[in-house]
Amino acid sequence: MRQAQSGYGPLRKIFNGLIVPALLAALLLASTAARAETVILGLGDSLMAGYGLPDGKSFPAQLEETLRTAGKQVRVVNAGVSGDTSTGGLARLDWALAEKPDAAIVELGANDGLRGQPVEQLYANLDAILTRLKQENIPVLLAGMHAPPNFGRDYTEAFHAAYHRLAEKHDVVFYPFFLDGVATEPSLNQPDGIHPNEQGVAEVVERILPKVEELLARAGN
1 MRQAQSGYGP LRKIFNGLIV PALLAALLLA STAARAETVI LGLGDSLMAG YGLPDGKSFP
61 AQLEETLRTA GKQVRVVNAG VSGDTSTGGL ARLDWALAEK PDAAIVELGA NDGLRGQPVE
121 QLYANLDAIL TRLKQENIPV LLAGMHAPPN FGRDYTEAFH AAYHRLAEKH DVVFYPFFLD
181 GVATEPSLNQ PDGIHPNEQG VAEVVERILP KVEELLARAG N
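Residue numbers (the UniProt record's numbering): 1 to 221.
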């Protein structure tokens, strides 16, 4: 004796014909939206990490807020570590790349200069970082630094020139001095005279923004 066919058969066909394609379309749209977000890696030291600043006021946080206010779907990853040198930045590059960035801002060298570490070492470390990012097809904004004058004119000039040489060699977007317009302004710095305060970081963001936009253009945003 044949069992009576369930009335759910036709309904299942309708479900499969309408609902399933709709769900697949929604998943596709969600995936496309996720890919539309550009991820910028901020690889740096305390100037990137936001030393002494309230939560949400670091350079990556303020830059992300500025870009999103301008209508750009951007996430800026804070991969800054206070006290880090270019050697430390190179050592943790693989960890930082786990974020799968579309672009990178490299801000390293301030602590190398403060400690008087050899310019050749700074150059070699940054060269290795930029080479690796190039291999990963990640466009870069290289932010230069200045060394303090107490190590002598030859050292400070060679230190500054290293960034220019690297920028030319790797054809990266280049911002010669990360703290331009901020370093010599007491009102824009914390009491230590080294790290920018909240307003100082805002000034850095405003000044570097055209270079960040150039970086995003290279990343296809």
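C-beta atoms are modelled at their ideal positions from N, C-alpha and C, and glycine is treated no differently.
Keep in mind it's a predicted model, so treat the numbers as computed, not measured.
So, helix, strand or coil for Thr32, using DSSP? As a first step, residue 32 is located in the sequence shown; it is residue number 32 there, counting from the start. Model confidence at Thr32 stands at a pLDDT of 44, short of 50, so the residue's coordinates are unreliable and nothing is read from them.
According to the neighbour-count rule (16 or more other Cβ atoms, all chains shown, within 10 Å of its Cβ), is Glu120 buried or exposed? Within the sequence shown, numbered from 1, the residue matching residue 120 stands at position 120. Burial call: exposed.
Cutting at 7 Å between CB atoms, please list the residues of its own chain near Lys134, excluding the five before and the five after it. Stepping through the sequence shown from its first residue, residue 134 is reached at position 134. So the qualifying residues of the chain are His170.
Return the first residue and the last residue of the alpha helix (DSSP H) that Thr87 is part of. Here residue 87 refers to the residue found at position 87 when the sequence shown is read from its first residue. Ser86 to Ala91 is the extent of the alpha helix (DSSP H) around Thr87.
Of all the beta strand (DSSP E) runs that stay within the bounds of the UniProt domain "SGNH hydrolase-type esterase" (43 to 200), which reach a length of 3 or more residues? 74 to 80, 103 to 107, 140 to 143 and 173 to 175
In whole angstroms, what is the alpha-carbon distance linking Ser58 and Gly52? Taking the first residue of the sequence shown as 1, we reach residue 58 at position 58. Taking the first residue of the sequence shown as 1, we reach residue 52 at position 52. So the alpha carbons of these two residues sit roughly 9 Å apart.
Sufficient close CB pairs (3 or more, under 8 Å) joining the segment 139 to 148 to the segment 173 to 181: yes
Roughly how many whole angstroms lie between the Cα atoms of Ala70 and Gly152? One-based indexing of the sequence shown puts residue 70 at position 70. One-based indexing of the sequence shown puts residue 152 at position 152. Roughly 43 Å between the two C-alpha positions.
CB of Ile129 within 8 Å of CB of Leu179, strictly: Residue numbering aside, residue 129 sits at position 129 when the sequence shown is read from its first letter. Residue numbering aside, residue 179 sits at position 179 when the sequence shown is read from its first letter. Cβ atoms of Ile129 and Leu179: not closer than 8 Å.
Going by the beta-carbon positions, is the gap between Leu97 and Val76 smaller than 8 Å? If you number the sequence shown from 1, residue 97 lands on position 97. If you number the sequence shown from 1, residue 76 lands on position 76. The answer is no: Cβ separation not under 8 Å.
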